[in-house]
Amino acid sequence: MEHKSSLSTISTSKSSHTNPDLPVVDINDQETTTLKQFLNESLNGPPTKRIRVAVYPIYTYQTRTLTPDQRQELRIARVNISHYFSAIDVEIDTLETSLKTATQEVRAMTKAHEILSAKFTAQLDAITTLEAGKQALGKENAVLEKEVARLERELAGERAKSVQADEAIGKLAQVKRKWSDFSELMA
């Protein structure tokens, strides 16, 4: 059987491994396509996939020295590991989706908070304006009350003068009557 020393698009030299101390992976099995894709995705895939390089030690011995049973066990282990990390990928995707949703909710809440804060600030400004207006009205009312009190005093004085005038008119009427009576007597 021909001995292979490379894995498809990835190099199997020690310098390409995450751990340069690991030996070269040497695969001569007919069913290496999945493994090649698996390892290539582990090295070159997105960040969430790179955790798969942790399974390198499973492939760090010469598989051509394995018995058929050991090869079968290796295939099963490879599939199980692939399923395991696929499940992790699904969980990571779910968590990322949840994080995006939570982030959107936080942004919406932040925007709502900003709107409410703006409304609250506007209400505080309106209350401050009303308080200032109330104080101004209070001062104006005090001035008006003083003016009313002054006018009431003046009116009371005018009434007193009117009473005095009425008394004077009454006395003058009495004098006129007496003069009239006297004139009649003298006639």
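In full-length UniProt numbering, the protein residues as written are 1 to 187.
Ideal Cβ placement from N, Cα and C applies to all residues, glycine included.
These numbers were taken from a predicted model, which means no experiment stands behind them.
Checklist entry - So, is Phe182 buried or exposed, given that buried needs 16 or more other C-beta atoms within 10 angstroms? => result The residue in question, Phe182, is exposed, as its Cβ has fewer than 16 Cβ neighbours within 10 Å.
Checklist entry - For Thr129, does the three-state DSSP call read helix, strand or coil? => result Helix.
Checklist entry - Should Phe85 go down as buried or exposed, given a rule of 16 or more other Cβ atoms within 10 Å for buried? => result Under this definition Phe85 is a buried residue.
Checklist entry - For Thr67, does the three-state DSSP call read helix, strand or coil? => result Per DSSP, reduced to three states, the secondary structure at Thr67 is coil, with no helix or strand assignment.
Checklist entry - What's the C-alpha gap between Val163 and Ala149? => result Those two C-alpha atoms are separated by around 21 Å.
Next on the checklist: List, from N- to C-terminal side, the alpha helix (DSSP H) runs of 4 residues or more that fit wholly inside the segment 78-137.
Outcome noted: Whole alpha helix (DSSP H) segments, 4+ residues: zero.
Checklist entry - Is Asp166 helix, strand or coil when you go by DSSP? => result It is helical.
Item to check | Met109 to Ala77 span [Cα, whole Å] | outcome: Straight-line Cα distance between these residues: approximately 47 Å.
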